[in-house]
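Trainee: Got a structure here, written out as structure tokens. Questions coming.
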Amino acid sequence: GDFPIELDTLVVGSGPGGYVAAIRAAQTGQKVTIVEKGAIGGVCLNVGCIPSKALIEAGHRAEHAQGDDELGIKTENVSVDFSKVQEWKGSVVNKLTSGVEGLLKGNKVDIVGGEVYFVDKNTVKVMDEKNSQTYTFKNCIIATGSHPIELPTFKYSDRVLDSTGALNLKEVPKKLVVIGGGYVGTELGSAYANFGTEVTILEGLKDILGGFEKQMSALVKKKLKSKGATIVTEAMAQGVEETKDGVKVTYEAKGKKETVEADYVLVTVGRKPNTDELGLEQVGIEMDDKGLVKIDEQCRTNVDNIFAIGDIVDGPPLAHKASYEGKIAAEAIAGENAVIDYNAIPAVVFSDPELATVGYSEEGAKEAGYDVKASKFPFAANGRALSLNASDGFMKLITRKEDGLIVGAQIAGPNASDMISELGLAIEAGMTAEDLALTIHAHPTLGEITMEAAEVAMGTPIHIV
Ligand code: FAD
4 GDFPIELDTL
14 VVGSGPGGYV
24 AAIRAAQTGQ
34 KVTIVEKGAI
44 GGVCLNVGCI
54 PSKALIEAGH
64 RAEHAQGDDE
74 LGIKTENVSV
84 DFSKVQEWKG
94 SVVNKLTSGV
104 EGLLKGNKVD
114 IVGGEVYFVD
124 KNTVKVMDEK
134 NSQTYTFKNC
144 IIATGSHPIE
154 LPTFKYSDRV
164 LDSTGALNLK
174 EVPKKLVVIG
184 GGYVGTELGS
194 AYANFGTEVT
204 ILEGLKDILG
214 GFEKQMSALV
224 KKKLKSKGAT
234 IVTEAMAQGV
244 EETKDGVKVT
254 YEAKGKKETV
264 EADYVLVTVG
274 RKPNTDELGL
284 EQVGIEMDDK
294 GLVKIDEQCR
304 TNVDNIFAIG
314 DIVDGPPLAH
324 KASYEGKIAA
334 EAIAGENAVI
344 DYNAIPAVVF
354 SDPELATVGY
364 SEEGAKEAGY
374 DVKASKFPFA
384 ANGRALSLNA
394 SDGFMKLITR
404 KEDGLIVGAQ
414 IAGPNASDMI
424 SELGLAIEAG
434 MTAEDLALTI
444 HAHPTLGEIT
454 MEAAEVAMGT
464 PIHIV
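Going by full-length UniProt numbering, the sequence shown opens with residue 4, and the numbers climb by one from there.
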């Protein structure tokens with residue numbers, strides 16, 4: 004018989020939301036069980052952030068290996084064994100996923116394999132191939148993540164790929180069409196372009212990387228084009244015909260119907276929250292029309308013992324945001340006074356060059372009613388950037404006019420992904436441009452760009468006039 008097993012805190016899903024929530028809950032003294040139907044680590048570790056960054060790095064190495072005339076570096080007979088690239092990528096994923104499993108066990112979190120289905124506000128069924136087991140719980144954190152949207156005219160197959168398919172190719176395609184110039188399409192498109200693939204990006208809107216300022220995405224476009232990529236904007240993808248060894252993609256641009264042939268087509272047009280097969284309606288959990296679960300400032304749903312975090316709630320669908328919410332939810336269950344503050348969630352595109360933003364953009368700050376000023380400093384005026392032969396880029400610091408309070412920053416350039424952390428800290432700590440300007444940054448480093456952008460805000464930059 005199916006005798007219910009009693010649990011204290013149940014976490015559903017082991018992505019960066021769920022596993023972090025489970026560990027934090029355990030740290031506060033809760034007895035935690037985490038249920039995962041797939042692989043520990045969720046999208047992020049298995050088929051998202053981590054493998055994509057590994058592939059991007061391998062692409063950079065392959066591109067650098069071609070040599071550089073300007074630097075006097077000549078190379079011959081460079082070749083890529085893509086099966087080795089994939090093997091290495093897999094080893095990175097394995098290290099991290101087994102690391103997370105070790106962390107869960109080390110924190111005495113029970114790990115259960117299976118798919119969760121809600122019966123009522125204190126009961127779930129967990130199903131695997133063979134069994135169904137009922138569990139009752141006091142509190143629950145749902146972190147079931149999201150999956151790629153499938154276009155009706157582009158059914159996924161061996162040739163019509165979602166991001167997971169594109170990450171796991173066995174060969175470097177000669178030609179690749181990417182539908183959707185968001186960050187996933189741009190990152191994977193750039194990575195394959197670096198391996199020598201002829202990439203065509205079809206974007207429906209006026210520009211790729213819509214969430215970023217034009218001056219930032221322009222740098223990425225320039226670099227992509229220099230690698231031989233074609234970017235078609237305001238292009239409506241219409242359909243795909245699979246041939247024996249490839250695809251023919253049709254699209255409409257400027258009122259004309261076009262066809263482009265390739266080995267594969269990658270479709271990255273957004274993701275959908277995994278909230279429709281969980282039985283949430285059985286519990287009366289409120290969702291919006293996109294299927295996102297509604298939560299309060301502690302990640303609590305309208306059902307007071309059930310919390311929701313990560314890609315299934317509103318806000319940028321990013322791993323660090325999921326983890327942040329996971330900690331808040333776990334602490335809220337422990338009775339702590341934690342509340343979410345979305346002021347400074349960084350967003351990064353690991354393109355070439357990297358793009359990063361945190362807090363307000365200049366326009367966003369103005370819309371929010373701040374009287375702000377934008378201060379720019381170019382990578383080209385920084386010694387370290389020049390010695391990296393990477394002078395394309397800039398930092399833009401957004402400060403409140405009355406007192407110099409930092410409310411946002413945007414960076415386009417090498418290592419923007421790491422540099423943005425200092426600006427996030429500045430916003431969190433309520434710092435002003437003067438605080439950044441007075442912080443001694445090591446020379447020569449890209450970090451000096453931050454100090455100099457703050458000096459621009461103060462009207463006293465040293466390295467530009
Ligand atoms: P997920 O990571 O999706 O995990 C949810 C887990 O729940 C899954 O393991 C799933 O199997 C499990 N689950 C679902 N339903 C059930 C059920 N009924 N019962 C039991 N288990 C269930 N974000 C970044 O911040 N930086 C990046 O560089 C980045 N790169 C990305 C690249 C790609 C190609 C993709 C696709 C995404 C990327 N993301 C990145 C986004 C990031 O992966 C997600 O925001 C993040 O994984 C969301 O975490 P989560 O915990 O909400 O859910």
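Think of the CB as a built atom: it goes at the ideal place given N, C-alpha and C, for glycine as much as any other residue. Owing to the predicted nature of the structure, the values given are computational and were not obtained by experimental measurement.
Could you tell me if Gln69 is buried or exposed, where buried requires 16 or more neighbouring beta carbons within 10 angstroms of its beta carbon?
Mentor: Gln69 should be labelled exposed.
Trainee: Can you tell me which residues form a DSSP beta bridge with Tyr267?
Mentor: BP columns for Tyr267 point to Leu179.
Trainee: Does Tyr363 come out as helix, strand or coil in the three-state DSSP assignment?
Mentor: Three-state DSSP puts Tyr363 in coil, outside helix and strand.
Trainee: If Ser378 sits next to Val223, beta carbons under 8 Å apart, how far is it from one beta carbon to the other, in whole angstroms?
Mentor: In fact, because the Cβ distance is near 22 Å, the residues do not count as touching under 8 Å.
Trainee: Among the residues of its own chain, which have a CB less than 6 Å from the CB of Gly192, if the five just before and after it don't count?
Mentor: If we look at Gly192 and ignore the five residues flanking it on each side, its Cβ neighbours are Val181, Val202 and Ile204.
Trainee: Would you say Thr360 touches the ligand FAD, meaning its beta carbon is less than 7 Å from a heavy atom?
Mentor: For the ligand FAD, not one heavy atom lies less than 7 Å from the Cβ of Thr360.
Trainee: Which residues share a DSSP beta bridge with Cys143?
Mentor: Looking at the DSSP assignment, Cys143 forms a beta bridge with Leu13 and Ile309.
Trainee: So for Phe353, helix, strand or coil by DSSP?
Mentor: Phe353 falls in the coil class under three-state DSSP.
Trainee: Can the beta-carbon of residue 3 be found less than 8 Å from the beta-carbon of Ala415?
Mentor: The structure shown does not extend to residue 3, since the chain spans only 4 to 468, so no value can be given for it.
Trainee: Kindly indicate if chain C contains any beta-carbon less than 8 Å away from that of Ala28.
Mentor: Checking the listed chains, one finds no chain C in this structure; it contains a single protein chain.
Trainee: Using only alpha-carbon positions, find the residue among Trp91, Arg274, Tyr345 and Lys230 that is nearest to Glu300.
Mentor: Residue Tyr345 is the option with its Cα nearest to Glu300.
Trainee: Please indicate yes or no: does the CB of Ala68 lie closer than 7 Å to some heavy atom of the ligand FAD?
Mentor: It does not: the Cβ of Ala68 is nowhere closer than 7 Å to a heavy atom of the ligand FAD.
Trainee: If we ignore side chains and look at the alpha-carbon of each, how far apart do Leu295 and Asp113 end up?
Mentor: Distance between the alpha carbons of Leu295 and Asp113 is about 27 Å.
Trainee: Just to confirm my understanding: we take Lys34, look at its own chain, exclude 5 residues before and 5 after, and list those with CB closer than 6 Å. What are they?
Mentor: Around Lys34: Asp11.
Trainee: Could you tell me the alpha carbon to alpha carbon distance between Val342 and Asp84, rounded to whole angstroms?
Mentor: C-alpha separation (whole angstroms): 48 Å.
Trainee: Ala440 and Ala457 - do their beta-carbons sit closer together than 8 Å?
Mentor: The answer is yes: Cβ separation under 8 Å.
Trainee: Measuring CB to CB, does Val127 end up less than 8 Å from Leu13?
Mentor: Their beta carbons are under 8 Å apart, which means Val127 touches Leu13 by this criterion.
Trainee: Three or more beta-carbon pairs under 8 Å between the region 319-330 and the region 385-401, yes or no?
Mentor: As far as the Cβ criterion goes, the region 319-330 does not touch the region 385-401, which means the pair count is below three.
Trainee: Let me check understanding here. Comparing Cα to Cα, which of Gly214, Thr271, Glu255 and Lys228 lies closest to Ala196?
Mentor: Nearest of Gly214, Thr271, Glu255 and Lys228 to Ala196, Cα basis: Lys228.
Trainee: Between which two residues does the beta strand (DSSP E) harbouring Arg274 extend?
Mentor: Where Arg274 is concerned, the enclosing beta strand (DSSP E) stretches over Arg274 to Pro276.
Trainee: The ligand FAD and Ala325: does any heavy atom of the ligand fall closer than 7 Å to the residue's C-beta?
Mentor: Yes; taking the cut-off as 7 Å, the Cβ of Ala325 has a heavy atom of the ligand FAD nearer than that.
Trainee: In terms of DSSP beta bridges, what is Tyr138 paired with?
Mentor: Paired residue(s): Ile8 and Val127.
Trainee: In the DSSP assignment, find the unbroken alpha helix (DSSP H) run with Met239 in it and report its ends.
Mentor: Segment Ala238 to Thr246 is the beta strand (DSSP E) holding Met239; no alpha helix (DSSP H) there.
Trainee: Identify whether Ser82 lies in helix, strand or coil by the three-state DSSP scheme.
Mentor: DSSP places Ser82 in coil when its eight states are reduced to three.
Trainee: Rounded to whole angstroms, what's the CA-CA distance from Leu170 to Pro176? Just pull it up for me.
Mentor: Going from the Cα of Leu170 to the Cα of Pro176 covers about 12 Å.
Trainee: Classify Ser220: buried if its beta carbon has 16 or more other beta carbons within 10 angstroms, exposed otherwise.
Mentor: When all chains shown are included, Ser220 counts as buried.
Trainee: His67 to Leu391, Cα distance in whole Å?
Mentor: If I take the Cα positions, the gap works out to 12 Å.
Trainee: Is it right to say Phe382 is buried, meaning 16 or more other beta carbons lie within 10 angstroms of its own, or is it exposed?
Mentor: Buried, since its Cβ has 16 or more Cβ neighbours within 10 Å.
Trainee: If I'm right that Thr271 touches Gly188 with Cβ under 8 Å, what's the distance once you round it to whole angstroms?
Mentor: Indeed they touch by this definition, with Cβ atoms about 4 Å apart.
Trainee: Where Asn142 and Ala337 are concerned, what is the direct C-alpha to C-alpha distance, given to the nearest angstrom?
Mentor: Using only the alpha carbons, I get a separation of about 10 Å.
Trainee: Can you name the start and end residues of the alpha helix (DSSP H) that Ile423 belongs to?
Mentor: Counting along the chain, the alpha helix (DSSP H) containing Ile423 begins and ends at Ala419 to Glu431.
Trainee: Give me the Cβ distance between Leu179 and Thr200, rounded to the nearest whole Å; I'm assuming they're in contact under 8 Å.
Mentor: That pair is a contact at about 5 Å.
Trainee: Below 8 Å on the Cβ atoms is my contact criterion, and I expect Gly249 with Ala265 to pass it. Report the Cβ-Cβ distance as a whole number of Å.
Mentor: Going by Cβ atoms, the distance from Gly249 to Ala265 rounds to 6 Å, so yes, they are a contact pair.
Trainee: In angstroms with no decimal places, state the Cα-to-Cα distance between Pro464 and Ile409.
Mentor: Each residue's alpha carbon lies about 17 Å from the other.
Trainee: Let me check understanding here. Comparing Cα to Cα, which of Gly213, Leu449 and Tyr22 lies closest to Ser101?
Mentor: Considering only alpha carbons, the answer is Tyr22.
Trainee: Which residue wins for smallest C-alpha separation from Ala238, given the options Lys251, Glu216, Ile211 and Thr246?
Mentor: It is Ile211.
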